[in-house]
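Chemist:
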Amino acid sequence: MDLHLLRTFVAVARQGSFSHAAAELGYTQSAVSQHIAALESDLGATLLSRRPVAPTTVGERLLEHAGPLLLRLDAARADIVRMTAPPATRLAIGVSPLAMSPSAAAMLAPFDLTVEVLSREDVLAGVATGSFDAGLVDGIAAPTDPLNLADIRPHQTVSVAEQPVAVILPDGHPLSGRAGLRLGDLADSRWIDAPDAGIPLAQLRTMSRSDGFRASLRYTGTDVLGLVALARAGHGLTLLPQSVAGGVPISAPSLVHRVEAIGDVPWLGQA
1 MDLHLLRTFV AVARQGSFSH AAAELGYTQS AVSQHIAALE SDLGATLLSR
51 RPVAPTTVGE RLLEHAGPLL LRLDAARADI VRMTAPPATR LAIGVSPLAM
101 SPSAAAMLAP FDLTVEVLSR EDVLAGVATG SFDAGLVDGI AAPTDPLNLA
151 DIRPHQTVSV AEQPVAVILP DGHPLSGRAG LRLGDLADSR WIDAPDAGIP
201 LAQLRTMSRS DGFRASLRYT GTDVLGLVAL ARAGHGLTLL PQSVAGGVPI
251 SAPSLVHRVE AIGDVPWLGQ A
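Each residue of the sequence shown is one higher than the one before, counting from 1 in the UniProt record's numbering.
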């Protein structure tokens with residue numbers, strides 16, 4: 001399978017347009033059409049419906065493989081460039097919204113930095129492809145367990161911080177005075193789905209082994225303060241590190257909010 005053709009397919013599927021994909025890739029529309037036809041001929045399957053332009057069922061399955069394949073290729077190229085390039089005088093750091101803990105900030109203090117806040121997935125991809133020298137990512141896990149990060153490329157991972165997690169309840173909620181709450185007891189409550197600014201609901205379902213935690217509100221973006229305000233106003237519950245906004249700690253299962261540093265630069269060894 002020609003990876004150039006695969007990149008063209010991904011661009012067309014994302015844009016929903018042959019002409020827009022051509023503009024993005026710097027090709028003519030005719031060349032894009034030829035790429036798609038060649039890939040479909042190679043695989044013996046129709047990958048895109050034409051009116052409207054959208055992936056077929058087979059095309060959707062190919063997209064599941066295409067993203068990791070192309071990212072791995074970009075990561076390999078970036079790894080070689082990183083090994084042969086002169087040392088950077090300024091570190092570019094990607095950070096997920098809840099990852100900049102006091103200990104992480106202290107660890108970065110000696111360095112000249114550029115910091116960009118992005119989703120967890122974008123931080124991982126940025127480190128893998130060389131857009132960032134290193135990254136800080138967060139998530140929930142059992143105490144001392146590592147985060148379940150996408151295996152994009154070999155990289156050094158160092159634990160930076162762990163702290164309790166807490167549920168943010170509406171002001172005046174009858175459970176707000178509790179010393180702790182069981183996560184499973186909250187499964188049927190109204191939740192805010194904020195996969196980038198908070199803890200993804202899919203993780204809560206996995207951790208509690210429940211199919212609950214259904215979203216009453218979808219919140220996109222990385223503004224944690226906005227997420228807290230919505231939870232306090234009663235739009236739904238959210239789970240955050242306790243240091244961010246207080247809340248009632250989760251007593252069971254045993255969970256922590258964990259921050260990890262990823263990358264291949266010397267400061268990781270100082271954690």
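Cβ atoms here follow ideal geometry from the backbone N, Cα and C, with glycine treated the same way.
1) Identify, in the order they occur along the chain, each residue of the same chain with its Cβ nearer than 6 Å to the Cβ of Thr157, setting aside the five sequence neighbours on each side.
2) Comparing alpha-carbon positions, which option in Ile192, Ser131, Ala92 and Ala128 lies nearest Asp112?
3) Taking Val12 as the reference, give the member of Pro52, Ala45, Gly198 and Asp133 with the closest Cα.
4) Does the separation of the CB atoms of Ala161 and Ala105 fall below 8 Å?
5) Straight-line CA distance for Val55 to Ile168?
6) What residue range does the alpha helix (DSSP H) around Pro94 cover?
7) Sort out for me which residues DSSP pairs Ile250 with in a bridge.
8) Can you grab the Cα-Cα spacing for the pair Ala37 / Asp74, in whole Å?
9) From what residue to what residue does the beta strand (DSSP E) around Ala142 run?
10) Mind checking who Glu135 pairs with in its DSSP beta bridge?
11) Could you tell me whether the stretch 235 to 253 touches the stretch 178 to 195, using the rule of 3 or more Cβ pairs below 8 Å?
12) Within this structure, are the beta carbons of Thr10 and Ala66 separated by less than 8 Å?
13) Alpha carbon to alpha carbon, what distance is there between Ala166 and Thr247?
14) Tell me the rounded alpha-carbon separation between Ala271 and Asp145.
15) Excluding the 5 residues flanking Gln242 on each side, which residues of the same chain have their C-beta closer than 7 Å to its C-beta?
16) For Leu225, count neighbouring C-beta atoms within 10 Å of its own C-beta (all shown protein chains included) and say buried if the count is 16 or more, exposed if not.
17) Within 10 Å of its beta-carbon, does Ile199 have 16 or more other beta-carbons around it, so buried, or fewer, so exposed?
18) What runs of the beta strand (DSSP E), each 3 residues or longer, lie entirely inside the stretch 10 to 62?
19) Beta carbon of Gly44, beta carbon of Gly94: below 8 Å?
20) Less than 8 Å separating the beta-carbons of Met207 and Leu181?
Modeler: Result, derived from the coordinates:
1) The residues are Glu260 and Ile262.
2) Checking every option, the nearest Cα to that of Asp112 belongs to Ala92.
3) Among Pro52, Ala45, Gly198 and Asp133, the Cα nearest to that of Val12 belongs to Pro52.
4) Not in contact: Ala161 and Ala105 (Cβ atoms no closer than 8 Å).
5) The displayed chain sequence assigns Pro, not Val, to residue 55. Going from the Cα of Pro55 to the Cα of Ile168 covers about 40 Å.
6) Note that residue 94 corresponds to Gly in the displayed sequence, not to Pro. According to the DSSP assignment, Gly94 belongs to no alpha helix (DSSP H) but to the beta strand (DSSP E) extending over Leu91 to Val95.
7) BP columns for Ile250 point to Leu181.
8) Straight through space, the alpha carbons of Asp74 and Ala37 are spaced by roughly 24 Å.
9) Segment: none, Ala142 is in no beta strand (DSSP E) and carries neither H nor E.
10) The amino acid at residue 135 is misidentified as Glu; the sequence shows Gly. According to DSSP, which records beta bridges pairwise, Gly135 is partnered with Gly94 and Ile262.
11) Output reads yes: the stretch 178 to 195 touches the stretch 235 to 253.
12) The question names Thr, but residue 10 is Val in the sequence shown. Against a cut-off of 8 Å, the Cβ pair of Ala66 and Val10 comes out as a contact.
13) First, the amino acid is wrong: residue 247 is Gly here, not Thr. Between the alpha carbons of Gly247 and Ala166 lies a distance of about 5 Å.
14) Confidence in Ala271 is poor, its pLDDT being 45 and thus under 50, which makes the residue's placement too unreliable to answer from.
15) Same-chain partners within the cutoff: Gln163, Pro164, Val165, Ala166 and Pro249.
16) Residue environment: Leu225 is assigned as exposed (fewer than 16 neighbouring CB atoms within 10 Å of its CB, all protein chains considered).
17) Buried, by the Cβ-count rule.
18) Listed in chain order, they are 48 to 50 and 53 to 55.
19) No, these two residues do not count as a Cβ contact at 8 Å.
20) For Met207 and Leu181, no; Cβs fall outside 8 Å.
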